[in-house]
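Residue numbers (the numbering used here), protein chains in the order written: chain E, 24 to 381; chain G, 35 to 354; chain D, 245 to 503.
Cβ atoms here follow ideal geometry from the backbone N, Cα and C, with glycine treated the same way.
None of the values given here were measured: they were computed from a predicted structure.
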Amino acid sequence: MSSTTTRPSGPETTETVLRHASLPRYFPAALLACSAAAVAGVLLAFSSFGVVVWALLTAVAYVVITVTAAARVEGGRKATDRFVTSLVYGCFLLALAPLVSMLWTVLRSGFARFDGYFLSVSMNGVLPSMDAGGAYHAIVGTLAITGMATLISVPIGVMTAVYLVEYARGRIKRVITFFVDVMTGIPSIVAGLFVVALWIVLFGPGRTNGAAGAISLAVLMIPVVVRSSEEMLRLVPRDLREASYALGVPKWRTITKVVLPTSAAGLTTGIMLAIARVIGETAPLILTAGSSAVSINWNLFDGQMMSLPVFIYSQVRMGGAVNYERAWAAALTLILTVMLLFFLARMIGRAFAPKSTR
Amino acid sequence: MTTTDAPQAAPPPTASRRIGDAVFAGLARGSGLLILVILAGVAAFLVIQAWPSLSANTANFLTSTEWEANVREAPAFGVAALAFGTLLAAAVALLLATPVAVGIALFIVYYAPRRLASVLGYLVDLLAAIPSVVYGLWGIGFLAPRLVPVFGGLTEHLGWIPLFSGPASTSGRTILTASIVLAVMILPIITAMSRDVFKQVPQGHREAALAMGATRWEMIRLAVLPFGRSGVVGGAMLGLGRALGETMAVAMILSPSLVISFDLLQSGNQTIAAHIALQYPEATGYGVSALIAAGLVLFAITLAVNMGARYIVARGSKEA
Amino acid sequence: MAKRIDVSGLHVYYGDFLAVEDVSMTIEPRSVTAFIGSSGCGKSTFLRTLNRMHEVTPGAYARGKVLLDDLDVYGPDVDPVLVRSEVGMVFQRANPFPTMSIYDNVIAGARLNNKRMSRSRADDLVEESLRGANLWEEVKDRLHKPGSGLSGGQQQRLCIARATAVRPSVLLMDEPCSALDPISTLAIEDLIHQLKEDYTIVIVTHNMQQAARVSDRTAFFNLAGPGKPGRLIEMGETNQMFTRPEKKETENYITGRFG
Chain E
24 MSSTTTRPSG PETTETVLRH ASLPRYFPAA LLACSAAAVA GVLLAFSSFG
74 VVVWALLTAV AYVVITVTAA ARVEGGRKAT DRFVTSLVYG CFLLALAPLV
124 SMLWTVLRSG FARFDGYFLS VSMNGVLPSM DAGGAYHAIV GTLAITGMAT
174 LISVPIGVMT AVYLVEYARG RIKRVITFFV DVMTGIPSIV AGLFVVALWI
224 VLFGPGRTNG AAGAISLAVL MIPVVVRSSE EMLRLVPRDL REASYALGVP
274 KWRTITKVVL PTSAAGLTTG IMLAIARVIG ETAPLILTAG SSAVSINWNL
324 FDGQMMSLPV FIYSQVRMGG AVNYERAWAA ALTLILTVML LFFLARMIGR
374 AFAPKSTR
Chain G
35 MTTTDAPQAA PPPTASRRIG DAVFAGLARG SGLLILVILA GVAAFLVIQA
85 WPSLSANTAN FLTSTEWEAN VREAPAFGVA ALAFGTLLAA AVALLLATPV
135 AVGIALFIVY YAPRRLASVL GYLVDLLAAI PSVVYGLWGI GFLAPRLVPV
185 FGGLTEHLGW IPLFSGPAST SGRTILTASI VLAVMILPII TAMSRDVFKQ
235 VPQGHREAAL AMGATRWEMI RLAVLPFGRS GVVGGAMLGL GRALGETMAV
285 AMILSPSLVI SFDLLQSGNQ TIAAHIALQY PEATGYGVSA LIAAGLVLFA
335 ITLAVNMGAR YIVARGSKEA
Chain D
245 MAKRIDVSGL HVYYGDFLAV EDVSMTIEPR SVTAFIGSSG CGKSTFLRTL
295 NRMHEVTPGA YARGKVLLDD LDVYGPDVDP VLVRSEVGMV FQRANPFPTM
345 SIYDNVIAGA RLNNKRMSRS RADDLVEESL RGANLWEEVK DRLHKPGSGL
395 SGGQQQRLCI ARATAVRPSV LLMDEPCSAL DPISTLAIED LIHQLKEDYT
445 IVIVTHNMQQ AARVSDRTAF FNLAGPGKPG RLIEMGETNQ MFTRPEKKET
495 ENYITGRFG
C-alpha cells in the first residue's frame, strides 16, 4: 500500500521518513457532519426520514469514506486503524441506543398514567379494560416482599462475608466462595421453582403468599450481598484489627465495634445495589406470590401479593390499550425506584467514603 | 490480601469472652454453611418434586417435544423443544452481544477520553440496572413492531439463508427479537468482564508493541486481545448463563410454540424459563411437577455454563 | 543506518507538572551514550521523549526539538508510529508477548510494516535478528515455543532481537539489566558493544560501573531541588566524566557511589 513505510531487509539504506501525507485533524468531525447532513438531505428528498435509517446510513457513509480516504492518503495500516476506531466508537453508540430508547419510551409512555391517583389506588373491583385503577397494591407488595427478602439476606450475607474474611481459611473457604459464585448464576425462575417445591413439601400444593416470594428473592440476593460485603471487609486495614487486639479486645468485639462500623458505608452501598437488583425480579414472584392479586395485602403470610414487576407482566398479558398504559406507568415507577436506590447507594458511598485515602 | 490470619495476640481468656467469641464465630460459620445448605436444598427439593412426574412420564423426557402434563394420569412431556429454543435464543444473543461488548470495553479502556471513561462506563452499567420485565415491555411494545419491516426485508433478500427463511412474522414476536433483547441485557456483563481484563494488560506489553511502531489497533491486536482472551470468553459465558436463565423478556416477547426450528424470523420456539412462567399459573395435575423437572434441566445447564466460565476466568488470571 | 540525535531546548511535562527542564544535547551515531543520575531525576522520562513514547502516558507531552539527523521528531504532521519504528526501545523488565512463540515475537514488529513477507525472508530475518542478539544458538531448536519460557536474561535479549528486527537506526534502553543477574548482565553488556557497530545506542542505568563499562559518552541528570524539575547537569566523554567531572554535583554523585 504505502511505499514510504516499507523497509527492505538488507544493508541498503532507504531514506528515513517520519511523516507521511495525513488527513487533516478536523477531517473526522467535518466528514461526520457532512455525511449526516447529506444523508438527511437525501432521505428528506425521498421523504422517508427515520432516525434509525438516518443514523445507520450516516455511519456507513462515514466509515466507507474515511477508510477509502485514509487508504489512499495515509496507507493501509492507518486505514485499518481508522476503521477499527470507527467500529469501536460505533459499538459504544450502538449500546447507548437501546438505553436511550428504553428510558425515553418508559418516560414518554409512562407519564400518560403516572399520577397521584395511579400511585394511591389498587385494582380492586376494577375490570381489566376499565379506565381506572392503579398500582398501589403492587407498590405495597413490592415493599413488603423486598423488605422481607432484605431482612433475610442481609444478616446471612454479611455474616457469611465476615466468616470468609475473618475466620475461614483453606478448603472450606474455597468451597464456600465457589458455591457463592455458583449461587450467583442460579436463574431467577429456578429460585422460584425451589420455593414452590419447598412450599409443597411444607404446606401442600397451591399455596402462594408474599413470604414465599421473599424467600425466592433472598436466594437470589444472598450471593450478591456476600460478594459486595466481602470486598468491603477486605478493604478494612489490618492495622485497625491489630490495634484492637493489642488493647485486649476480643475478636468478636473487634469485628462488631471496629471492622463492621469502618466498612458500614460500603456495606450499605452493596446492600442497596443488591436490593436494586432483586426489586425488578418478576419470574420467581409469578410462581410464588401469584400473579392475579388485585387488592391491597400487607400480610406476607396469607394470600397472593402483587408486586410492581408482576403487575407490569400481568397487564401486558391482558393486552388492551389501557393495560399497556398501566404497564408503562408501573415500569416508570419501578425504574424511578431502582434509580433512586442507585442514587442513594452512590451518595452513601461518597458521603462516608474514608477520607484518608485521598 | 491476607487479612484473614489476623488473631495473633490472643487476649487473656475469660469465661464471658470465650462465650462471646464462640457464639459469634459460630454464627459466622453457620451463615457460611447455610449457603451450602440452601444450594443443596435447591437441588434436592427440585429433584424431589420433579420425581413424581418424571416417573409417571410416558414420553421420553429428554427427546420428546410435546407437553401434555396437565393431566392426572399418564402425562407425556419432554424438554427437547424447550432446551433447543433456550440454547438457540441464548446462542444468537451471545453472537450479537460479544463483539459489541468487546468494542465497548476497548472504547472505554483505550479510546474514550480519560475523564469521560468512567462516566461512559457507568452508562453501560445502567443497562444492567433495568429490570428484565421492563426489557420485555420495551421489546414487545417498542422494538417488535419496528422490526417487522426489517424482518420482511431480511426474508425477501436473504431468505435463501436457512435462518432467515420466510414468511416473516407479522407481529415481530420472534426468536430473533427475543435474542436481540437478550443481547442488550447481557451486554453489560460481558463488557464489565472484558473491561476488567483489558485494564489489567501489563503496561510493559502495551509499550513493547507501541515502541516497535505499532498503531493503536496493532497494539490492541498484539498485546491486549491475546492477554484478554480468557476474560472475554469467561465474560461471554457468564452472559450466556444469564441469557439461558432469563425468563421475562422471552416470555413477553415470543409467541411460543413447541417446535424445533432454526427459523429466526417466524414465530415459534420457546425457552425453558419462559415456558415455566407461562405454564405455571395454569398448571394442574402433573403440571407443576413437570415444570419443576424442566427447571431442573435449566438449573443443570446454567450450572455447567457458569462453572465453566469461572474455571476459564480463574485459569486466565493464573496465567497472567 | 545509525543516526545522530540532536536535542535542543526540550521541556518534558506530565500535565501541569514540568518533569524535565530545558535539555540540549547531541548523541553521536555508532556510539553508546549512558544517562546516569539518582532516581526520579527524569532520565528515563527524557529517554522516552526520544521516540515519543512519553506521550503514551495520558496528559504527558514535550516541548522542544529532537532532530534525528535532520528530521524533527516533534515536527508538525510527524507520525509517532513512524518515529518509533525508527527509534526502537528496550524496557527495564523484559516484556516478550506471552502468548507468542519466540519466532513470532521477533517477527511481530517487522510484520506490521510488511504483512506479506515471504516465509524464507521471515526465517532469515528471525535468524539474523536472533544472531545479532547473541541468542540464536540458545533458542534455534525451540523457535516455536513460547518466549515466556526463557530465562530473564534470554527474554531481555529476545526483546532486543525484536527491537532490531524492525531495523531502527537508534536503540533506546531503559535500565535493561536492572532485573538481571550478573552473568545475564554481562551477556547484555557484550551485546551492547557489538550493537554499537550498527546503531546509535542510548542506555539509562543506575549502575555506574555499567555506565563506565559500556558507554562512550555519559550524561548526568539531577533534580534542580526537591519538587523541582530534572536537568541535564553535565555531559562528556565517559572517561573524563568519571575521572575529572567539571561540575561539583557530578563529582559528588560519582564519588558518593562509584568505586
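By alpha-carbon distance to D/Met-344, the top candidate from G/Ile-335, G/Phe-261 and G/Gly-342 is G/Phe-261.
Residue nearest to E/Met-329 within the set E/Val-242, E/Ile-298, E/Glu-304 and E/Gly-343 is E/Glu-304 (criterion: CA-CA distance). When C-alpha distances from G/Gly-275 are compared across G/Met-341, G/Ile-174, G/Gly-302 and G/Val-153, the shortest belongs to G/Met-341.
When the beta-carbon positions are compared, E/Trp-321 and E/Ala-167 come within less than 9 Å of each other. According to DSSP, D/Ile-271 shares a beta bridge with D/Ile-249. Among the CB atoms of chain E, none fall inside 9 Å of the CB of D/Asn-451.
Per DSSP, the continuous beta strand (DSSP E) segment holding D/Ala-463 begins and ends at 461–467. With a contact defined as Cβ atoms closer than 8 Å, G/Ser-289 and G/Ser-205 qualify at about 6 Å. Fewer than three Cβ pairs drawn from the stretch 354–370 of chain D and the stretch 270–285 of chain D lie within less than 8 Å of each other, which leaves the two stretches out of contact. Looking at the backbone, the Cα of D/Phe-465 and that of D/Arg-292 are separated by about 15 Å. Residues are counted here when their Cβ sits less than 7 Å from a Cβ of chain G; for the stretch 118–135 of chain E these are Ala-118, Leu-119, Pro-121, Leu-122, Ser-124, Met-125, Thr-128 and Val-129, given in chain order. By the neighbour-count criterion, in which a residue is buried when 16 or more other Cβ atoms sit within 10 angstroms of its Cβ, G/Tyr-345 is exposed. Taking one beta carbon from each stretch, the stretch 246–254 of chain D and the stretch 305–324 of chain D have 3 or more pairs nearer than 8 Å; the two touch. When Cβ-Cβ separations below 9 Å define contact, G/Asp-230 makes no contact with chain E.
Taking a beta-carbon distance threshold of 9 Å, G/Gly-262 does not count as an interface residue toward chain E. When the Cα atoms are used, G/Thr-336 and G/Ala-277 turn out to be separated by approximately 9 Å. Distances from the CA of G/Leu-68 to each of E/Ile-245, E/Phe-115 and E/Thr-279 were compared; the closest alpha carbon is that of E/Ile-245.
The beta carbon of E/Ser-143 lies closer than 6 Å to those of Tyr-159 in the same chain, with the five residues before and after it left out.
Within a 10 Å sphere around the beta-carbon of E/Ala-82 sit 16 or more other beta-carbons, which makes this residue buried.
For E/Ser-45, at least one C-beta of chain D is nearer than 9 Å to its own C-beta. The distance from the Cβ of E/Ala-297 to that of E/Val-248 is about 5 Å, consistent with a contact at the 8 Å cut-off. For the pair E/Arg-261 and E/Met-125, the Cα-to-Cα distance works out to about 45 Å. For E/Arg-42, the closest Cβ of chain D is nearer than 9 Å.
Boundaries of the beta strand (DSSP E) harbouring D/Lys-309: 304–312, taken from the DSSP string. Interface annotation, D/Val-410: in contact with chain G, CB-CB separation under 9 Å. Counting of Cβ neighbours within 10 angstroms places G/Glu-107 among the exposed residues, the total staying below 16. A residue is called buried when at least 16 other Cβ atoms come within 10 angstroms of its Cβ; G/Asn-91 meets this threshold and is buried. Under the 9 Å criterion on CB atoms, G/Trp-101 is classed as non-interfacial with respect to chain E. For the options G/Gly-54, G/Val-136, G/Trp-194 and G/Leu-221, the alpha carbon positioned closest to that of G/Ser-264 is the one of G/Val-136.
Taking D/Gln-399 as the centre and dropping the five residues before and after it, the same chain places the C-beta of Ala-338, Pro-340 and Gly-391 closer than 7 Å to its C-beta, in chain order.
In the three-state DSSP reduction, E/Met-125 falls in the helix class (H, G or I).
In the DSSP annotation of this structure, D/Phe-279 is not part of any alpha helix (DSSP H); the continuous beta strand (DSSP E) holding it starts and ends at 276–280. Listed in chain order, the positions of the stretch 199–210 of chain E with a beta carbon within less than 9 Å of a beta carbon of chain G are Ile-199, Phe-201, Phe-202, Val-203, Asp-204, Val-205, Met-206, Thr-207, Gly-208, Ile-209 and Pro-210. Flagged as an interface residue toward chain G: E/Ile-212, by a C-beta distance shorter than 9 Å.
Taking the Cβ atoms as the reference, E/Val-259 lies roughly 5 Å from E/Thr-285, within the contact range of under 8 Å.
Under the 10 Å beta carbon count, G/Gln-234 is surrounded by fewer than 16 other beta carbons and is classified as exposed.
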